[in-house]
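Student: Take this structure, written in structure tokens, and hold onto it; I'll ask about it next.
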Amino acid sequence: MDKIYLDNAATTPLADEVIDAMVGTMKMNFGNPSSTHSFGQEAKILIENVRRQVADYLHVTPAEIIFTSCGTESNNMIIKSSVEHLGVERIISSPLEHKCVSESILDMKNRKGVEVNYIRPNEKGDIDLAKLEELLKASDKKTLVSLMHANNEIGNIINLKKVAQLCKEHNAFFHSDTVQTMAHMNLDFSDIPVDFASCSAHKFHGPKGAGFAFIRKATGLKGIITGGPQERSLRAGTENVCGIVGLGKALELSLNHMEEYTQHMQDIKDYAIERLSAEIEGIKFNGRSAEKENSLYTVLSALLPYKNPLIGLQLDMKGIAISQGSACSSGASKPSMVMMMVLSEDEMDHCTPLRISFSHMTTKSDIDALVNALKEISSDMAIEKTNVEHR
Numbered sequence: 001m002d003k004i005y006l007d008n009a010a011t012t013p014l015a016d017e018v019i020d021a022m023v024g025t026m027k028m029n030f031g032n033p034s035s036t037h038s039f040g041q042e043a044k045i046l047i048e049n050v051r052r053q054v055a056d057y058l059h060v061t062p063a064e065i066i067f068t069s070c071g072t073e074s075n076n077m078i079i080k081s082s083v084e085h086l087g088v089e090r091i092i093s094s095p096l097e098h099k100c101v102s103e104s105i106l107d108m109k110n111r112k113g114v115e116v117n118y119i120r121p122n123e124k125g126d127i128d129l130a131k132l133e134e135l136l137k138a139s140d141k142k143t144l145v146s147l148m149h150a151n152n153e154i155g156n157i158i159n160l161k162k163v164a165q166l167c168k169e170h171n172a173f174f175h176s177d178t179v180q181t182m183a184h185m186n187l188d189f190s191d192i193p194v195d196f197a198s199c200s201a202h203k204f205h206g207p208k209g210a211g212f213a214f215i216r217k218a219t220g221l222k223g224i225i226t227g228g229p230q231e232r233s234l235r236a237g238t239e240n241v242c243g244i245v246g247l248g249k250a251l252e253l254s255l256n257h258m259e260e261y262t263q264h265m266q267d268i269k270d271y272a273i274e275r276l277s278a279e280i281e282g283i284k285f286n287g288r289s290a291e292k293e294n295s296l297y298t299v300l301s302a303l304l305p306y307k308n309p310l311i312g313l314q315l316d317m318k319g320i321a322i323s324q325g326s327a328c329s330s331g332a333s334k335p336s337m338v339m340m341m342v343l344s345e346d347e348m349d350h351c352t353p354l355r356i357s358f359s360h361m362t363t364k365s366d367i368d369a370l371v372n373a374l375k376e377i378s379s380d381m382a383i384e385k386t387n388v389e390h391r
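Numbers 1 to 391, taken from full-length UniProt numbering, label the letters of the sequence shown in order.
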């Protein structure tokens, strides 16, 4: 059975060029980057080359790029260190954030007594910037605003520059989880006054276990992992050299092909919307995911007009990998917070969310296979319902 992968928001396949770069590094550059001999310094040069590459992409200085294991570590470090070392007493966020952000904020509330204000999104998943400004004006407490750039379940994109400017006007720090947009969009942090951002390489065909945090130098943020001077003393521990090299190669490929990849994925997304709308009567699309404006081209959030908690398993049995939401929430017994925010109670009781996420490797035949599988499952459910009614 041919297998089809439509869960690229969870992770992406490693590009062949990335694998080659990593294998070559593991074979030839095994030295510890902190060692002063040639083996160590050759490894150190590789790291610093990627650091400059990332800095050039974001239009920042290399000293503001800190390599980590993933976006989750980056987000934890930024949020917790802001409280521990920058004196943040209040955090403004939304219920739509990834669990690594929402749980870090909750941890700071419970352990450090930080005041937390949430901006409730509307039914489309939009964040009200007027409400953000109102909250920023309401207190003189040192504040961190944490709002993700693009939502990992419904694909809604916030106006990063406008939010950053609002925070700057009111002397608040601004952190954005940019895991879903890094290397997928052009980001210029010399123009967008964001203070902190995060990245995971495996979201753009790089390796798992490699990511980075952007930490604006002027903020004075300090590390929370101690034990060595690595990464400007912000993240102690021997660096993952081959992972960082893989991140750099994946970033290079993404930037070199960004226009081509973007157009391909938008075309695939448009085709998916067209086919699903034509073949699945009553299907809806969540948030702004079916729109071209303010929507990430890699994600489409659909709402099937029937309740079927086993849909992910059934599709997997047909060779189609897909999710119903964030990978970090898979296996949960209740809908994700994002779905609870954008769906009505009736929709949560009687419908089934499905997250379809694309890469430049996704084809129209993959979408056709998904549509056919959904029609088969729906038909089987109807037959089973009829049999039950006649027993």
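Glycine is no exception: its CB is placed at the ideal position from the N, C-alpha and C atoms.
Let me make sure I understand the geometry here. Which of Val371, Ser190 and Glu239 has the alpha-carbon closest to that of Glu64?
Tutor: The sequence position of residue 64 within the sequence shown is 64, counting from 1. The residue with the shortest Cα to Cα distance from Glu64 is Ser190.
Student: Using a Cβ-Cβ cutoff of less than 6 Å, which residues in the same chain neighbour Lys141 once the five nearest sequence positions on both sides are dropped?
Tutor: Position 141 of the sequence shown, counted from the start, is the residue given in the question as residue 141. Closer than 6 Å at the Cβ level, and outside the excluded window around Lys141, lie Glu89 and Arg90.
Student: If you count every other CB in all the chains shown that lies within 10 Å of the CB of His350, and 16 or more means buried, which is it?
Tutor: Translated into positions along the sequence shown, residue 350 becomes position 350. His350 should be labelled exposed.
Student: What are the boundary residues of the beta strand (DSSP E) that includes Leu213?
Tutor: In the sequence shown, residue 213 corresponds to position 213, counting from 1. Before going on, a small fix: residue 213 reads as Ala here, not Leu. Its beta strand (DSSP E) spans residues Gly211 to Ile215.
Student: May I have the straight-line CA-CA distance separating His59 from Asp188, to the nearest angstrom?
Tutor: One-based indexing of the sequence shown puts residue 59 at position 59. One-based indexing of the sequence shown puts residue 188 at position 188. Distance between the alpha carbons of His59 and Asp188: 6 Å.
Student: Hey, would you say Gly206 sits closer than 7 Å to Leu247, going by beta carbons?
Tutor: As a first step, residue 206 must be located in the sequence shown, where it is residue number 206. As a first step, residue 247 must be located in the sequence shown, where it is residue number 247. Yes, the Cβ-Cβ distance between Gly206 and Leu247 is below 7 Å.
Student: Rounded to a whole number of angstroms, what is the C-alpha to C-alpha distance between Leu251 and Thr262?
Tutor: By one-based count along the sequence shown, residue 251 stands at place 251. By one-based count along the sequence shown, residue 262 stands at place 262. For Leu251 and Thr262, the distance between alpha carbons rounds to 14 Å.
Student: Is Pro229 near the ligand GTP, with its Cβ less than 6 Å from a heavy atom?
Tutor: This structure simply doesn't include the ligand GTP, nor any ligand for that matter.
Student: Should the segment 144–163 be regarded as contacting the segment 294–303, the criterion being three or more beta carbon pairs within less than 8 Å?
Tutor: A contact exists between the segment 144–163 and the segment 294–303.
Student: Please state the DSSP three-state secondary structure of Leu354.
Tutor: On the sequence shown, position 354 is the one that residue 354 refers to. Strand.
Student: Do you know offhand how far Tyr271's Cα is from Lys364's?
Tutor: Along the sequence shown, one-based indexing puts residue 271 at 271. Along the sequence shown, one-based indexing puts residue 364 at 364. Cα-Cα distance, rounded: 7 Å.
Student: Ends of the alpha helix (DSSP H) at Cys100?
Tutor: Residue 100 sits at position 100 when you count from the first residue of the sequence shown. From DSSP, the alpha helix (DSSP H) with Cys100 extends over Lys99 to Lys112.
Student: Run through the DSSP bridge pairs and tell me what Thr178 is partnered with.
Tutor: For the purposes of this step, residue 178 is identified with residue 178 of the sequence shown, where counting begins at 1. BP columns for Thr178 are empty, so no partner.
Student: Is the beta carbon of Ala21 less than 7 Å from the beta carbon of Val241?
Tutor: Within the sequence shown, the letter at position 21 stands for residue 21. Within the sequence shown, the letter at position 241 stands for residue 241. Taking 7 Å as the Cβ cut-off, Ala21 and Val241 do not qualify as a contacting pair.
Student: By the 10 Å Cβ neighbour count, where 16 or more other Cβ atoms means buried, how is His37 classified, buried or exposed?
Tutor: Counted from its first residue, the sequence shown places residue 37 at position 37. So His37 ends up on the exposed side.
Student: Name the DSSP bridge partner or partners of Asn117?
Tutor: Translated into positions along the sequence shown, residue 117 becomes position 117. Looking at the DSSP assignment, Asn117 forms a beta bridge with Ile92.
Student: Could you say which of Phe173, Thr178, Ser200 and Val179 lies nearest to Ala218 if we only look at CA atoms?
Tutor: By 1-based counting over the sequence shown, the position of residue 218 is 218. If we check each option's Cα against that of Ala218, Phe173 comes out closest.
Student: Under 7 Å Cβ to Cβ from Pro193, same chain only, skipping five residues before and after it: list those, please.
Tutor: To locate residue 193, count along the sequence shown from 1; it is residue 193. Here the set comprises Ala164, Gln165 and Lys168.
Student: What distance in whole Å lies between the Cβ atoms of Ile268 and Phe285, which are believed to be in contact at a cut-off of 8 Å?
Tutor: Here residue 285 is taken as the residue at index 285 of the sequence shown, counted from 1. Here residue 268 is taken as the residue at index 268 of the sequence shown, counted from 1. Not quite, the Cβ-Cβ distance comes to about 15 Å (not below 8 Å), so this is no contact.
Student: Looking only at its own chain, which residues have a Cβ that is under 7 Å from the Cβ of Lys249, when we skip the five neighbours before and after it?
Tutor: Translated into positions along the sequence shown, residue 249 becomes position 249. Hits under 7 Å: Glu17, Val18 and Ala21.
Student: Rounded to whole angstroms, what is the Cα-Cα separation between Ser323 and Thr25?
Tutor: Working through the sequence shown from its first residue, we reach residue 323 at position 323. Working through the sequence shown from its first residue, we reach residue 25 at position 25. C-alpha separation (whole angstroms): 34 Å.
Student: Mind checking which residues open and close the beta strand (DSSP E) that includes Phe67?
Tutor: To locate residue 67, count along the sequence shown from 1; it is residue 67. From DSSP, the beta strand (DSSP E) with Phe67 extends over Ile65 to Thr68.
Student: Which class does Thr143 belong to by DSSP, given the choice of helix, strand or coil?
Tutor: Start at 1 with the first residue of the sequence shown, and residue 143 comes out as number 143. DSSP places Thr143 in strand when its eight states are reduced to three.
Student: So, is Asn110 buried or exposed, given that buried needs 16 or more other C-beta atoms within 10 angstroms?
Tutor: For the purposes of this step, residue 110 is taken as the residue at position 110 of the sequence shown. Exposed, because fewer than 16 other Cβ atoms sit within 10 Å of the Cβ of Asn110.
Student: Using beta-carbon positions only, say whether Ala278 and Ile320 come within less than 7 Å of one another.
Tutor: Taking the sequence shown and counting its residues from 1, the one referred to as residue 278 is at position 278. Taking the sequence shown and counting its residues from 1, the one referred to as residue 320 is at position 320. Cβ atoms of Ala278 and Ile320: not closer than 7 Å.
Student: Can you tell me which of Ile66, Phe39, Ser378 and Ile224 puts its alpha carbon nearest to the alpha carbon of Val50?
Tutor: Position 50 of the sequence shown, counted from the start, is the residue given in the question as residue 50. Among Ile66, Phe39, Ser378 and Ile224, the Cα nearest to that of Val50 is on Ile66.
Student: Measuring CB to CB, does Ser104 end up less than 7 Å from Asn76?
Tutor: As a first step, residue 104 must be located in the sequence shown, where it is residue number 104. As a first step, residue 76 must be located in the sequence shown, where it is residue number 76. In this structure, Asn76 lies closer than 7 Å to Ser104 by Cβ.
Student: Within 10 Å of its beta-carbon, does Thr61 have 16 or more other beta-carbons around it, so buried, or fewer, so exposed?
Tutor: For this step, residue 61 is matched to residue 61 along the sequence shown. Flag for Thr61 reads exposed.
Student: Looking at Ile47: is its Cβ nearer than 7 Å to the Cβ of Glu291?
Tutor: On the sequence shown, position 47 is the one that residue 47 refers to. On the sequence shown, position 291 is the one that residue 291 refers to. Not a contact, by the Cβ cut-off of 7 Å.
Student: Do you know offhand how far Lys80's Cα is from Ala213's?
Tutor: The sequence position of residue 80 within the sequence shown is 80, counting from 1. The sequence position of residue 213 within the sequence shown is 213, counting from 1. Their backbone Cα atoms lie some 13 Å apart in a straight line.
Student: Ends of the alpha helix (DSSP H) at Phe39?
Tutor: On the sequence shown, residue 39 is found 39 positions in, with the first residue counted as 1. It spans Ser38 to Leu58 - the alpha helix (DSSP H) in which Phe39 sits, taken as one unbroken run.
Student: If contacts are defined as beta-carbon pairs under 8 Å, then Asn29 and Ser359 qualify, I think. What distance do you get, rounded to the angstrom?
Tutor: Along the sequence shown, one-based indexing puts residue 29 at 29. Along the sequence shown, one-based indexing puts residue 359 at 359. That pair is no contact at about 29 Å.
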